[in-house]
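Enquirer:
There are 2 protein chains.
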Amino acid sequence: MSAVILPRSKNATPMKLVPRYERLKQLAKRFPELDPSAIETCLTMLRLSNELTSAYEAHFTRHGLSQGRFVVLIQLFIAEDSGESLSPAEIAELSQCTRATMTGLLDTLEKDGLISRADHPEDRRMYTVHLTARGREFIQGMLPDHYRRIATLMAPLSHAERDTLRDLLAKVSSGIPALRDP
Amino acid sequence: MSAVILPRSKNATPMKLVPRYERLKQLAKRFPELDPSAIETCLTMLRLSNELTSAYEAHFTRHGLSQGRFVVLIQLFIAEDSGESLSPAEIAELSQCTRATMTGLLDTLEKDGLISRADHPEDRRMYTVHLTARGREFIQGMLPDHYRRIATLMAPLSHAERDTLRDLLAKVSSGIPALRDP
DNA sequence: GCCAGATGGTCAGGCACCGAATCATCTTGC
DNA sequence: GCAAGATGATTCGGTGCCTGACCATCTGGC
């Protein structure tokens, strides 16, 4: 279970929101459960979340990919680098999507000639997935631009700030069960 | 243009990713553009982004809503609170979705009896949207749970940490054009 | 006044994902 | 060695959102 991969999320159903602090305080009078600083921070995150996801998608579109397709390619690229081969279920696990979704991704990647499916030597229920020569060239060709853009995206933050950010995000992450739970 | 609203994002196409630091350093030898700390931070954000979006959606599903439908209701709730009324295009603008999407959201909300459409007094191209009594009760009924959950989500962070987090997110936001641009 | 362009709502078509059901194959316990 | 259950891939139907094209209505300059 390695990975250098990407995201998941069903429908980025989202919408942006512009918190209005005085509005929140006004509403807080009627709803004592409302914590203005929590809402403001949460909304800021959701907004960035959507901006980032949509910019990411635009970036991949420029290369003729979607985020999902990119993740599959990079997973294969990394795995083959270590001489491993992957099954659809393994890629789905690494990419955090369902096997049903993976079937669809692989179908279009195969149609585009970027990957191929080969019989699994031991288990006839599965097969293994491989980059074609064209697929390998393709991903190698786009990685420099990809990495350069991410470096630029994060350039406004110092290394110390990046560390702090990851810490804070981890704390938010620890609170997420509160949203789903009961 | 007020707001206390929500997200947007076309396809939450995403997938989670588990950065493997040594893997990154290995790849960095082949791709000098790769900045491991930038990638790690970016992947952490994307992962949280997806977790958060999907937990948010699960939360709304429990109340029989989607994020989009919730945003419409809360916008109407806030607007009517100030005695204003909104047109579909205004709600779309506030919610950061297209007018076409708003048509669909309003259709289902109207079918569920939560909102109603009324002729616009001056412009026959448009109409105004209003919460029904049922719609108002409904949103009031769910807001305490909603606000309580967000407060719990953010509970792991102190107020100072929340301020820091918002600052850092704003810096990331400023780098986003690098993803889309050329 | 009147027509060109702006603006508002809708429709059709598409995309990316999911869950549940299905079918094939493997594995276990006996 | 053989059923019962586990596991893998696929298909089908559904959701939520998008873009682009459409028609209706309003507005401004002449």
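Quick note, the sequences are listed as chains A and B, same order. Last residue of the first sequence: 185 in our numbering, with the numbers rising by one and none dropped. Last residue of the second sequence: 185 in our numbering, with the numbers rising by one and none dropped. Backbone N, C-alpha and C define an ideal beta-carbon position, used for all residues, glycine too. Quick caveat, the model's predicted, so the values are computed rather than measured.
1. Between B:Val132 and chain A, is the shortest Cβ-Cβ distance under 9 Å, so that the two count as touching?
2. Near B:Phe141, what residues of its chain come up, given a Cβ to Cβ distance below 8 Å and the 5 sequence neighbours on each side ignored?
3. Does A:Lys32 come within less than 9 Å of chain B when only Cβ atoms are used?
4. Let me know if B:Glu43 comes out buried or exposed under the rule of 16 or more other beta-carbons within 10 Å of its beta-carbon.
5. What residues from chain B crowd round A:Met48, counting only those whose CB sits closer than 7 Å?
6. Could you pull out every residue in the same chain whose Cβ sits closer than 8 Å to the Cβ of A:Ser177, ignoring the five residues on either side in sequence?
7. Would you kindly check if the distance between the Cβ of A:Tyr150 and the Cβ of B:Leu182 is under 9 Å?
8. Taking 9 Å as the cut-off, decide whether the C-beta atoms of B:Arg100 and B:Leu109 are in contact.
9. If we define contact as Cβ-Cβ less than 9 Å, is B:Asp115 a contact residue for chain A?
10. Which term fits A:His123, buried or exposed, when burial requires 16 or more other beta carbons within 10 angstroms of its beta carbon?
11. Using beta-carbon positions only, say whether A:Thr131 and A:Arg139 come within less than 9 Å of one another.
12. Output yes if chain A places a C-beta closer than 9 Å to the C-beta of B:Leu20; else output no.
13. I'd like to know if A:Ile42 contacts chain B, where contact means its C-beta is closer than 9 Å to some C-beta of that chain.
14. Taking the continuous alpha helix (DSSP H) assigned at B:Asp122, which residues delimit it?
15. Quick test of the definition: if touching needs 3 or more C-beta pairs under 8 Å, does the region 50 to 68 of chain A touch the region 45 to 59 of chain B?
Expert: Quick look at the numbers:
1. no
2. Leu76 and Leu117
3. no
4. buried
5. Leu55 and Leu172
6. none
7. no
8. A quick correction: the sequence has Cys, not Arg, at residue 100 of chain B. No.
9. no
10. exposed
11. no
12. Its pLDDT being 45, under 50, B:Leu20 is placed unreliably by the model, and nothing is read from it.
13. yes
14. Run containing B:Asp122: none in the alpha helix (DSSP H); it sits in the beta strand (DSSP E), Ile118 to Asp122.
15. yes
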